[in-house]
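Below is one structure, written out as structure tokens; the observations come after it.
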Amino acid sequence: TFDGVLYNGIFANGGTLEIEANTFTNLSSLYAIQVGGNSVHFINHGGNTGNGSISLEFTVNDDTALPGDGLTYVIQRYLEVSPDATLRILPGAVVKIAPDAQFIVNGTLVTGIASSTESAVITSLKDDSVGGDTNGDGSASSPQAGDWRSIVFNSGSTGNFAHTRITYGGASPYNYWTGS
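Each residue of the sequence shown is one higher than the one before, starting from 1205 at the first, in my numbering.
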């Protein structure tokens, strides 16, 4: 149990992070777990509960699954799937994407399972209807079309979507920071 933690309960910027059946309560940060960097091997067996979310800012270099039985996942800046890797967003998982965040697939992205009764969800960081108030602003914001850009599949990549709900994406590729 992680209780009363001032910042992230867990921060991984490299190495192997394997998590399962943890409880996060009374966090001062929006993130229970923050995974960043290009050399992280992230294994989530699920069952992580409580308040906070899992911030994903890394390159997936091997087969990685995001189970849907615990905390919400947030892509704040980028998530990239490398050419030889597979990212699986399992039924019940909620992935929220911030404005201007990049979700790039060079390998394989598999979301949901056709035979499941639960959907995998990819939505806006402002969407409080699934996964709770992940951005921590109460009712100050509400989701709308174009809140986040898109999932980009580059040449040679593969996507397999089954029983997946994708909402509030489709923003212009215009970059507000660089003006291009």
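C-beta: ideal position from N, C-alpha, C; glycine also.
Keep in mind that this is a model prediction, so the values were computed, not measured.
- THR1368 sits in a strand when the DSSP states are folded into three classes.
- For ILE1293, the enclosing beta strand (DSSP E) has its first and last residue at 1290-1293.
- In this structure, ALA1375 keeps its C-beta atom at 8 angstroms or more from the C-beta atom of PRO1295.
- As for any beta strand (DSSP E) of minimum length 3 sitting wholly inside the stretch 1226-1288, the runs are 1227-1229, 1235-1241, 1244-1248, 1257-1264, 1268-1270, 1276-1279, 1282-1285, ordered along the chain.
- Rounded to whole angstroms, SER1320 and GLY1240 show a C-alpha spacing of 30 angstroms.
- Straight-line measurement puts the Cα of GLY1250 at about 20 angstroms from the Cα of ASN1217.
- Its chain contains TYR1282 as the residues whose beta carbon lies nearer than 6 angstroms to that of GLN1306, once the 5 sequence neighbours on both sides are disregarded; these appear in chain order.
- Annotated as distal: ALA1324 and THR1312, with beta-carbon spacing of 8 angstroms or more.
- By alpha-carbon distance to SER1354, the top candidate from GLY1342, SER1345, GLY1373 is GLY1373.
- Excluding sequence positions up to five before and after ASN1364, its CB lies within less than 6 angstroms of the CB of VAL1314, all in the same chain and listed in chain order.
- For ILE1317, the secondary structure class from DSSP, reduced to helix, strand or coil, is coil.
- Distance from the CA of GLU1322 to the CA of LEU1210, rounded to the nearest whole angstrom, comes to 34 angstroms.
- With distances taken between CA atoms, ASN1230 lies nearest to THR1205 out of THR1205, HIS1245, GLN1238.
- When C-alpha distances from ASP1267 are compared across SER1361, THR1290, SER1333, ASN1248, the shortest belongs to THR1290.
- For ASP1332, the number of other beta carbons within 10 angstroms of its own is at least 16, and it is reported as buried.
- Here ASN1212 is buried: its Cβ has 16 or more other Cβ atoms, across all protein chains shown, within 10 Å.
- With a minimum length of 3 residues, the unbroken runs of beta strand (DSSP E) contained wholly in the stretch 1315-1353 fall at 1324-1328.
- For GLU1224, the secondary structure class from DSSP, reduced to helix, strand or coil, is coil.
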